[in-house]
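Trainee: One structure, as structure tokens, below. Some questions next.
2 protein chains.
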Amino acid sequence: MEKTLIEMEKAAMILKLLGDRTRLTMIKLLENNDCCVCEFVEIFQVSQPSISQHLRKLRDVGLVKEERRGQWIFYSLNKNNEHYSFVVQLLQQLPDQDYKLKELEEKGTRITCC
Amino acid sequence: MEKTLIEMEKAAMILKLLGDRTRLTMIKLLENNDCCVCEFVEIFQVSQPSISQHLRKLRDVGLVKEERRGQWIFYSLNKNNEHYSFVVQLLQQLPDQDYKLKELEEKGTRITCC
DNA sequence: TGCTTATATAAACAAATCATTATATGATAA
DNA sequence: TTATCATATAATGATTTGTTTATATAAGCA
Numbered sequence: 001m002e003k004t005l006i007e008m009e010k011a012a013m014i015l016k017l018l019g020d021r022t023r024l025t026m027i028k029l030l031e032n033n034d035c036c037v038c039e040f041v042e043i044f045q046v047s048q049p050s051i052s053q054h055l056r057k058l059r060d061v062g063l064v065k066e067e068r069r070g071q072w073i074f075y076s077l078n079k080n081n082e083h084y085s086f087v088v089q090l091l092q093q094l095p096d097q098d099y100k101l102k103e104l105e106e107k108g109t110r111i112t113c114c
Numbered sequence: 001m002e003k004t005l006i007e008m009e010k011a012a013m014i015l016k017l018l019g020d021r022t023r024l025t026m027i028k029l030l031e032n033n034d035c036c037v038c039e040f041v042e043i044f045q046v047s048q049p050s051i052s053q054h055l056r057k058l059r060d061v062g063l064v065k066e067e068r069r070g071q072w073i074f075y076s077l078n079k080n081n082e083h084y085s086f087v088v089q090l091l092q093q094l095p096d097q098d099y100k101l102k103e104l105e106e107k108g109t110r111i112t113c114c
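Protein chains in written order, with the UniProt record's numbering: chain R, 1 to 114; chain A, 1 to 114.
Here is the structure:
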């Protein structure tokens with residue numbers, strides 16, 4: 001009983017997190033790609049601090065993890081997160097967003113270091 | 001492309017709506033039951049206007065529909081909603097909440113008119 | 001008819017959210 | 001070292017959100 005309540009609470013928390021166009025698209029992109037902050041900045045056309053703060057929220061609940069590669073910090077889905085399968089099932093229902101990264105590649109602004 | 005953007009936007013909107021413990025539990029209950037406002041009030045222990053406003057948000061995007069039965073207004077999932085399958089897939093991952101209605105039945109406060 | 005019950009809407013308000021600008025940190029390159 | 005690039009954090013502010021109390025509407029009943 002108590003466990004159920006906690007789970008609903010956690011589900012609501014995750015849905016709230018994903019109930020933002022920027023974060024939802026980020027997570028969908030991370031489903032198939034690792035991305036660094038500056039790529040997100042270019043994709044979403046918002047300030048770098050804004051992107052950083054979205055990423056922090058996602059990281060705070062363990063949905064994504066970060067890894068420094070040279071001067072960049074790359075983010076990826078945290079497949080060990082206790083709610084990973086919940087999130088993936090959700091993502092499967094969303095349209096692919098990889099074209100956004102393709103656009104960066106064409107512009108030559110995709111980061112592919114290391 | 002434009003279609004994709006719109007869909008992500010709509011998905012984010014629905015997730016935001018469901019990213020509230022009260023609304024999420026409401027929708028989960030409505031998956032298997034029709035419920036009236038006063039039942040929700042008793043289940044969630046918040047004011048009646050609060051429940052009404054949550055229901056209005058869900059109704060405004062077409063996720064639920066209402067039907068008057070005598071003095072009560074019953075809410076149910078709107079299976080004709082364009083995003084019904086998206087929502088149902090989501091609900092399937094959540095723990096059953098019907099015990100909350102069973103508790104009302106035991107207390108004799110479940111509404112079963114008409 | 002007037003009283004009660006169920007629900008919706010309006011108004012108000014504290015708290016949360018999402019963006020921005022300014023600044024700090026940390027790695028790389030000259 | 002100093003300058004630059006990438007990122008994080010702090011401070012700020014406008015907007016949104018979720019609640020409450022007060023009030024309106026609508027049905028059922030004496």
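All C-beta atoms in this analysis are idealised placements derived from N, C-alpha and C, irrespective of residue type, glycine included.
Leaving out five residues on either side along the sequence, give the residues of the same chain with a beta carbon under 6 Å from the beta carbon of V41(A).
Mentor: Translated into positions along the second sequence, residue 41(A) becomes position 41. Only Q48 and I51 meet the Cβ criterion.
Trainee: Under 9 Å, do L58(A) and Y84(A) count as touching if we go by C-beta distance?
Mentor: Translated into the one-based positions of the second sequence, residue 58(A) becomes position 58. Translated into the one-based positions of the second sequence, residue 84(A) becomes position 84. No, Cβ-Cβ distance for L58(A) and Y84(A) is not below 9 Å.
Trainee: According to DSSP, E67(R) sits in a beta bridge with which residue or residues?
Mentor: Here residue 67(R) corresponds to residue number 67 of the first sequence, with the count starting at 1. Paired residue(s): F74(R).
Trainee: Which residues in chain A sit within 8 Å of F86(R), going by Cβ to Cβ distance?
Mentor: Along the first sequence, read from residue 1 onward, the residue named residue 86(R) stands at position 86. What F86(R) touches in chain A: Q93.
Trainee: Please report the distance separating the alpha-carbon of T25(R) from that of M8(A).
Mentor: Position 25 of the first sequence, counting from 1, holds the residue named residue 25(R). Position 8 of the second sequence, counting from 1, holds the residue named residue 8(A). Rounded to the nearest angstrom, the two C-alpha atoms are 7 Å apart.
Trainee: Is the segment 59-72 of chain R touching the segment 98-109 of chain R, taking contact as three or more C-beta pairs under 8 Å?
Mentor: Verdict: no, contact absent.
Trainee: Out of G108(R), W72(R), Q89(R) and R21(R), state which residue places its alpha-carbon closest to the alpha-carbon of F44(R).
Mentor: If you number the first sequence from 1, residue 44(R) lands on position 44. The option with the nearest alpha carbon to F44(R) is R21(R).
Trainee: So L94(R) is in the alpha helix (DSSP H); what residue range does that whole segment cover?
Mentor: One-based indexing of the first sequence puts residue 94(R) at position 94. Premise fails: L94(R) is in no alpha helix (DSSP H) and is neither H nor E.
Trainee: In whole angstroms, what separates the C-alpha of G108(R) from that of K100(R)?
Mentor: In the first sequence, residue 108(R) corresponds to position 108, counting from 1. In the first sequence, residue 100(R) corresponds to position 100, counting from 1. Rounded to whole angstroms, G108(R) to K100(R) spans 13 Å at the Cα level.
Trainee: Under 8 Å between beta-carbons, which chain R residues line up against residue 181(A)? List them in chain order, please.
Mentor: Since the first and last residues shown for chain A are 1 and 114, residue 181(A) lies out of range.
Trainee: For Q48(R), return the contacting residues in chain A, with the cut-off set at a CB-CB distance below 9 Å.
Mentor: Within the first sequence, numbered from 1, the residue matching residue 48(R) stands at position 48. None at all; the shortest Cβ gap to chain A is about 21 Å.
Trainee: Would you kindly work out how many angstroms separate the C-alpha atoms of A12(A) and Q93(A), rounded to a whole number?
Mentor: For the purposes of this step, residue 12(A) is identified with residue 12 of the second sequence, where counting begins at 1. For the purposes of this step, residue 93(A) is identified with residue 93 of the second sequence, where counting begins at 1. Roughly 18 Å between the two C-alpha positions.
Trainee: Would you check if the distance between the CB atom of L77(A) and the CB atom of E39(A) is smaller than 9 Å?
Mentor: Position 77 of the second sequence holds residue 77(A). Position 39 of the second sequence holds residue 39(A). Not a contact, by the Cβ cut-off of 9 Å.
Trainee: Could you work out which residues of chain A lie near Q89(R), taking near to mean beta carbons separated by less than 9 Å?
Mentor: Sequence index remark: in the first sequence, residue 89(R) carries index 89 (1-based). The contacting residues are Q89, L90, Q92 and Q93.
Trainee: Could you tell me which residues DSSP puts in a beta bridge with C36(A)?
Mentor: Counted from its first residue, the second sequence places residue 36(A) at position 36. Paired residue(s): F74(A).
Trainee: Beta-carbon separation of I27(A) and L15(A) under 9 Å?
Mentor: By 1-based counting over the second sequence, the position of residue 27(A) is 27. By 1-based counting over the second sequence, the position of residue 15(A) is 15. No, the pair does not count as a contact, with Cβ atoms beyond the cut-off.
Trainee: Where do the N-terminal and C-terminal ends of the alpha helix (DSSP H) with D60(A) fall, by residue?
Mentor: As a working mapping, residue 60(A) is identified with position 60 in the second sequence. Q48 to D60 is the extent of the alpha helix (DSSP H) around D60(A).
Trainee: If D96(A) and N33(A) are in contact, beta carbons under 8 Å, what's the gap, nearest whole angstrom?
Mentor: What you label residue 96(A) is simply residue 96 of the second sequence in a count that begins at 1. What you label residue 33(A) is simply residue 33 of the second sequence in a count that begins at 1. No, D96(A) and N33(A) are not in contact; Cβ-Cβ is about 11 Å, not under 8 Å.
Trainee: Got a sec? Which residues, its chain only, sit under 7 Å from K79(A) by beta carbon, not counting five neighbours each side?
Mentor: Along the second sequence, one-based indexing puts residue 79(A) at 79. There are no such residues.
Trainee: Hey, does E31(R) have any beta-carbon neighbour from chain A nearer than 9 Å?
Mentor: For the purposes of this step, residue 31(R) is taken as residue 31 along the first sequence, with counting starting at 1. It does not; no Cβ of chain A falls within 9 Å.
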